[in-house]
Amino acid sequence: MPNTIIVTREGSIATIQLNRPAVLNALNAEVLTELGDAMRDLDDDATCRCIVLTGNEKAFAAGADIKEAFVGVTPVSMLEQDLTAKWEVIRRIKTPIIAAVSGFALGGGCELAMICDIIVASETAKFGQPEINLGIIPGAGGTQRLTRAVGKWVANELILTGRFISAQEAKDIGLVVHVYPAATWLDDAKALARTIAEKAPVAARLATEAVDVAWNAPLDAGLEFERKAFYLLFATEDKNEGVDAFINKRKPQFKGR
Ligand code: CAA
115 MPNTIIVTRE
125 GSIATIQLNR
135 PAVLNALNAE
145 VLTELGDAMR
155 DLDDDATCRC
165 IVLTGNEKAF
175 AAGADIKEAF
185 VGVTPVSMLE
195 QDLTAKWEVI
205 RRIKTPIIAA
215 VSGFALGGGC
225 ELAMICDIIV
235 ASETAKFGQP
245 EINLGIIPGA
255 GGTQRLTRAV
265 GKWVANELIL
275 TGRFISAQEA
285 KDIGLVVHVY
295 PAATWLDDAK
305 ALARTIAEKA
315 PVAARLATEA
325 VDVAWNAPLD
335 AGLEFERKAF
345 YLLFATEDKN
355 EGVDAFINKR
365 KPQFKGR
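Per this note's numbering, the sequence shown starts with residue 115, numbered consecutively.
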């Protein structure tokens with residue numbers, strides 16, 4: 115049983131809740147390991163079609179665990195511990211992941227949300243990359259993913275000031291997709307997950323993979339990936355099911371093959 119996360123299943127969706135409330139879900143090596151393991155298990159489970167990653171009302175995650183990860187460490191010990199490898203596990207998950215943020219998503223917490231495929235937020239959420247206040251810079255993808263998400267000038271302003279932004283501002287700059295009421299944010303995120311879970315699973319996985327390629331590769335390579343993924347889907351039963359359901363005016367029943 116994991117110590118730092120709680121995993122629950124409701125039909126075809128899974129929820130992973132970060133569970134270190136005493137430190138606002140600060141991310142240490144144990145959380146990242148348990149998170150990666152849980153996500154890998156869910157990714158291997160064909161009955162899990164969407165994952166909601168969340169925290170509690172006060173915090174999604176307030177960043178790297180400053181007391182554990184940043185005191186008495188050296189570049190060599192950081193290299194040996196290689197936390198980046200733990201982040202990579204999460205990055206490689208193919209099942210669509212929704213980050214459902216309430217409260218603080220700061221530093222590594224904001225970076226964790228940005229690894230996910232969709233970010234939704236309670237109206238109480240606060241996002242930020244405050245590493246500059248510790249004399250460092252974001253180290254889990256923040257300078258890269260935030261810049262790709264919101265552009266150079268907005269990213270620089272956020273990273274250089276370390277200021278926190280509201281859920282609404284995060285939506286205005288394109289980081290957050292939906293801002294939900296504080297009373298219903300998690301239910302609303304799960305409803306979105308259920309909508310995604312009803313879609314054809316192989317197509318959903320290839321869709322998020324293709325969108326990720328758009329971040330990493332030049333347009334030609336991205337279009338090439340998309341073309342092959344598109345053709346591949348014509349070998350699935352779910353494509354026949356989707357097209358037949360459309361033609362016969364019925365709801366498709368996707369099987370993930
Ligand atoms: N690491 C370790 N402990 C943390 C933490 C963190 N990132 N964030 C909060 N905590 C702890 C606090 O130390 C406190 O513990 P104690 O009760 O034992 O003192 C507890 O959580 C509650 O926090 P506060 O009392 O500070 O709560 P608050 O509501 O007054 O303030 C906050 C909330 C503004 C989020 C404040 O806690 C804060 O600024 N946290 C640090 C945020 C931060 O700098 N994050 C970036 C970390 S660096 C990083 O993430 C690098 C990277 O790229 C991977």
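Virtual Cβ for every residue (Gly too), placed ideally from N, Cα, C. Quick caveat: nothing in here was measured; it's all calculated off a predicted structure.
Same chain, Cβ closer than 6 Å to residue i, five either side skipped, listed in chain order
i	result
F241	A219, C224, I279 and A284
V203	G150
T261	A269
T129	T122 and V166
M228	R259
V327	G336 and F339
L146	K200
T322	P210 and D231
Residue i - containing alpha helix (DSSP H), residue span
i	result
R123	Here R123 belongs to no alpha helix (DSSP H); instead the beta strand (DSSP E) covers I119 to E124.
L289	That residue, L289, is in no alpha helix (DSSP H); it is neither H nor E in DSSP.
G223	G222 to I229
T129	First-last for T129: I127 to L132, but that is the beta strand (DSSP E), not the alpha helix (DSSP H).
A100	Residue 100 lies beyond the residue range present for the chain, which begins at 115 and ends at 371; the question has no answer from this structure.
K266	K266 to T275
I207	First-last for I207: undefined, no H or E at that position.
K353	E351 to I361
A314	Run containing A314: none; DSSP gives neither H nor E here.
P189	P189 to Q195
A183	I180 to A183
Distance between residue j and residue i (C-alpha atoms, nearest Å)
i	j	result
N139	G249	22 Å
K309	A235	Looking at the sequence itself, residue 309 is Thr, so the reference to Lys does not match. Going by the C-alpha atoms only, they are around 17 Å apart.
F360	D352	12 Å
A176	F348	43 Å
A214	G276	22 Å
Q282	E194	39 Å
V187	L197	13 Å
P366	G221	41 Å
N142	R134	10 Å
G370	A335	26 Å
A199	G255	12 Å
D286	Q131	26 Å
Y294	G288	15 Å
I246	E271	11 Å
A160	E124	14 Å
I180	P116	22 Å
V316	V185	44 Å
P297	S191	According to the sequence as given, residue 297 is Ala; it is not Pro. Spanning the two alpha carbons is a distance of roughly 43 Å.
L300	N362	35 Å
E148	I119	7 Å
E355	L346	15 Å
I273	L226	16 Å
D158	S126	13 Å
G253	W329	18 Å
A183	A318	35 Å
L333	D155	33 Å
E144	D358	47 Å
P189	A136	28 Å
K304	M153	17 Å
Chain-order list of residues whose beta-carbon lies under 8 Å from that of residue i (same chain, five-residue window excluded)
i	result
G217	L138, G169, N170, E171, K172, A173, F174, S236, T238, A239 and K240
L306	I212, I232, V234 and H292
A373	Outside the modelled stretch of the chain, which goes from 115 to 371, sits residue 373, for which no answer is possible.
C230	L167, I211, I212 and A213
F368	E312, K313, A314, P315, D352, E355 and G356
Endpoints, beta strand (DSSP E) assigned at residue i
i	result
C162	Looking at the DSSP string, C162 is not in any beta strand (DSSP E), and its letter there is neither H nor E.
G249	Run containing G249: none; DSSP gives neither H nor E here.
K240	K240 to G242
S236	I232 to S236
A173	A173 to A175
Beta carbon proximity, residue i to chain C, threshold 9 Å
i	result
A269	The structure shown has no chain C; it contains just one protein chain.
Own chain partners of residue i with C-beta closer than 7 Å, once the 5 adjacent residues on each side are dropped
i	result
V290	I233, V234, A235, A281 and A284
heavy atom of the ligand COA below 8 Å from residue i C-beta
i	result
A318	Absence of the ligand COA is noted for the structure shown, with the ligand CAA being the only ligands found.
contact_flag[the stretch 153-167, the stretch 194-214] where n(CB pairs < 8 Å) is 3 or more: yes
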